[in-house]
Structure formats: structure tokens, C-alpha cells
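Enquirer: In our numbering, the protein residues as written are 556 to 795. We treat Cβ as the ideally placed atom computed from N, Cα and C, and that holds for glycine. Quick one: the structure is below, questions incoming.
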């Protein structure tokens, strides 16, 4: 992504909005943007998309119109150069289907075309899931799928996190979080920092074989996609 654009950030709800607002307060971007709460999860959105548009070519779809078909809103009448989709992994959802998720990444791999999909593992609260900053073994930090029900993960993060809430993010802890996120993405994807579909395969394998999810808030990496030079320069000054 280049500067002087207008981003539409499609997210599940209030928590994603709070995170993005906190992040952009201390990491401002030059482009205009709208944060739009779509109020549905990844699996419901996928079900709607592949049921309603089963016979349509991906290239022929107008994603703004698709979004309007599900829930119309004045925000969707604006012009956008980039679309970001930000959803939780939610593997405990009975609609979870790895084949469907693979198709989503095939569709949403370019923010300037149909959009870029970011999945947070297991959910957006992973941005806060640090027992210390920095955290020495963060690359290996996981969470059990069986504990996700009844807000188990959210409550555990709030109890154990050194940050606890999105409003507590500041310029000091944000940059450490960003560096941890970037380094873990590279670690899990064997050197790649932007192969989100490969990360899905890593997460699905871990889920199937060990009933675990590797904790990672990938939506933070949109900052790297937006301006890689600035992102890497900031990370170079974060020592741990």
C-alpha cells in the first residue's frame, strides 16, 4: 500500500475498533481511513459469501457491493483504495471449515483489489496477550482450543496481561508488541512476514494435531504492508 489512500477496515466489532484506534493514536498513518464494525464473525461472513455468490467469478465481484448486500451502511457509499478484513480465527465455531478459509485467502490477498484478510489467532485480544514486555518465549506461546468457550481466553488475557486493555497501549509498549508480532510471523512462516495463507496452514495443523492455537494478532501487520520502510525502521530501534 502507498500513501495518500483511503482505507476501509472491516472488523467484527467493538474490540477491533478499540485496538485499531489505540494503535493508530501512537502509529499514525498518512491515509484517510474508516473503521467499520461489520458485526459478524469470519465463518458467518464466509458462509454468506460462498452461498450467495456461489456461481460468481471472484474477479467479477464488487466487494463493496457484496458488503452492502449483507448489511448496508452509509460508510460503504464512500470511495476506498484499500480494503482490510479483520476477523477472529474462532476455531470453536461449528462452522469452522479449513477449505472455506483457504478460499477466503485466495480471494482476499491484495488490499487494493478485493481486499486483504487478516485473521487474529485465536482472536483480537491476542494483541494484549503478554505476561511481560518483552516476553522471552513468545514465539512458542499457544492456547488450547478447548478453553476458548465462554470467553475463557478474553478473561485469561485480562487477568494475566501486563497491558490488560486496549486503552493501555502506548508508544512504548506498542512498538514492542509490533516487533514480537513481526518476529513471530517470520518464525511461524519459516522466514516470510506476509504469507497469511501459509500461516493459516500452520495454525490449522497445530489445531488438528495438538488442539492448540499459536497466539498472534496479525492485523497489526497491516502497518508493515502500508509502509514497510517506516515499519522496519521503527522495529530496528526496539531492543530486546
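Which residue wins for smallest C-alpha separation from residue 791, given the options 735, 660, 709?
Expert: Against the chain shown, residue 791 aligns to sequence position 236. Ranking the options by Cα distance to residue 791, first place goes to 735.
Enquirer: Check for me: the alpha helix (DSSP H) holding residue 734 runs from which residue to which?
Expert: Position 179 of the chain shown, counted from the first residue, corresponds to residue 734. Counting along the chain, the alpha helix (DSSP H) containing residue 734 begins and ends at 726 to 743.
Enquirer: When you compare only the Cα positions, how much space is there between residue 660 and residue 672?
Expert: Here residue 660 refers to the residue found at position 105 of the chain shown. Here residue 672 refers to the residue found at position 117 of the chain shown. Going from the Cα of residue 660 to the Cα of residue 672 covers about 7 Å.
Enquirer: Can you pull the DSSP bridge partners for residue 671?
Expert: Within the chain shown, numbered from 1, the residue matching residue 671 stands at position 116. Paired residue(s): 639, 664.
Enquirer: Checking the sheet assignment: what are the DSSP bridge partners for residue 751?
Expert: As a position in the chain shown, residue 751 is number 196, starting the count at 1. In the DSSP output, where bridge partners are listed per residue, residue 751 has none listed.
Enquirer: To the nearest angstrom, how far is the alpha carbon of residue 793 from that of residue 609?
Expert: As a first step, residue 793 must be located in the chain shown, where it is residue number 238. As a first step, residue 609 must be located in the chain shown, where it is residue number 54. Their Cα atoms are separated by approximately 46 Å.
Enquirer: Of the residues 698, 719, 619, 685, which one's Cα is nearest the Cα of residue 666?
Expert: To locate residue 666, count along the chain shown from 1; it is residue 111. Residue 666 has its Cα closest to that of 619, out of 698, 719, 619, 685.
Enquirer: Distance, Cα to Cα, residue 573 vs residue 722?
Expert: Within the chain shown, residue 573 is the residue found at index 18, counting from 1. Within the chain shown, residue 722 is the residue found at index 167, counting from 1. Residue 573 and residue 722: Cα-Cα distance of roughly 7 Å.
Enquirer: Any idea if residue 787 is buried or exposed, counting beta-carbon neighbours within 10 angstroms, 16 or more meaning buried?
Expert: By one-based count along the chain shown, residue 787 stands at place 232. Exposed, since its Cβ has fewer than 16 Cβ neighbours within 10 Å.
Enquirer: In chain order, what are the residue ranges of uninterrupted alpha helix (DSSP H) at least 4 long that sit wholly in the segment 573 to 644?
Expert: Qualifying alpha helix (DSSP H) stretches, in chain order: 597 to 607, 618 to 625.
Enquirer: Under 8 Å, do residue 692 and residue 712 count as touching if we go by C-beta distance?
Expert: On the chain shown, position 137 is the one that residue 692 refers to. On the chain shown, position 157 is the one that residue 712 refers to. No. Outside cutoff.
Enquirer: Based on Cα-Cα distance, which residue from 641, 605, 636 lies nearest to residue 567?
Expert: By one-based count along the chain shown, residue 567 stands at place 12. Cα-wise, what sits closest to residue 567 is 641.
Enquirer: From residue 775 to residue 674, what distance separates their C-alpha atoms?
Expert: If you number the chain shown from 1, residue 775 lands on position 220. If you number the chain shown from 1, residue 674 lands on position 119. Answer to the nearest angstrom: the Cα atoms are 10 Å apart.
Enquirer: For residue 796, which three-state DSSP category applies?
Expert: Since the first residue shown for the chain is 556 and the last is 795, residue 796 is missing from the structure and cannot be characterised.
Enquirer: Excluding the 5 residues flanking residue 739 on each side, which residues of the same chain have their C-beta closer than 7 Å to its C-beta?
Expert: Reading the chain shown from its first residue, position 184 is the one you call residue 739. 693, 694, 771, listed in sequence order.
Enquirer: Could you check which residue in 635, 676, 681 has the C-alpha nearest to that of residue 587?
Expert: As a working mapping, residue 587 is identified with position 32 in the chain shown. The option with the nearest alpha carbon to residue 587 is 635.
Enquirer: Rounded C-beta distance between residue 700 and residue 768? I'm assuming under 8 Å.
Expert: Translated into positions along the chain shown, residue 700 becomes position 145. Translated into positions along the chain shown, residue 768 becomes position 213. About 6 Å separates the two Cβ atoms, so the contact holds.
Enquirer: What are the boundary residues of the beta strand (DSSP E) that includes residue 703?
Expert: Here residue 703 refers to the residue found at position 148 when the chain shown is read from its first residue. No beta strand (DSSP E) holds residue 703; DSSP gives it neither H nor E.
Enquirer: Pick out whichever of 590, 730, 750 has its Cα sitting closest to the Cα of residue 789.
Expert: The sequence position of residue 789 within the chain shown is 234, counting from 1. Checking every option, the nearest Cα to that of residue 789 belongs to 730.
Enquirer: Hey, how far is the Cα of residue 752 from the Cα of residue 629?
Expert: Numbered from 1 along the chain shown, position 197 holds the residue referred to as residue 752. Numbered from 1 along the chain shown, position 74 holds the residue referred to as residue 629. Their backbone Cα atoms lie some 31 Å apart in a straight line.
Enquirer: Looking at residue 688 and residue 728, is the spacing between their C-beta atoms short of 8 Å?
Expert: Your numbering for residue 728 matches position 173 in the chain shown. Your numbering for residue 688 matches position 133 in the chain shown. Yes, these two residues count as a Cβ contact at 8 Å.
Enquirer: Under a Cβ-count criterion, where at least 16 other Cβ atoms within 10 Å of its own Cβ denotes burial, should residue 593 be classed as buried or exposed?
Expert: Taking the chain shown and counting its residues from 1, one reaches residue 593 at position 38. Buried.
Enquirer: May I ask you to report which of helix, strand or coil DSSP gives residue 791?
Expert: As a first step, residue 791 is located in the chain shown; it is residue number 236 there, counting from the start. Note: residue 791 maps to helix in three-state DSSP.
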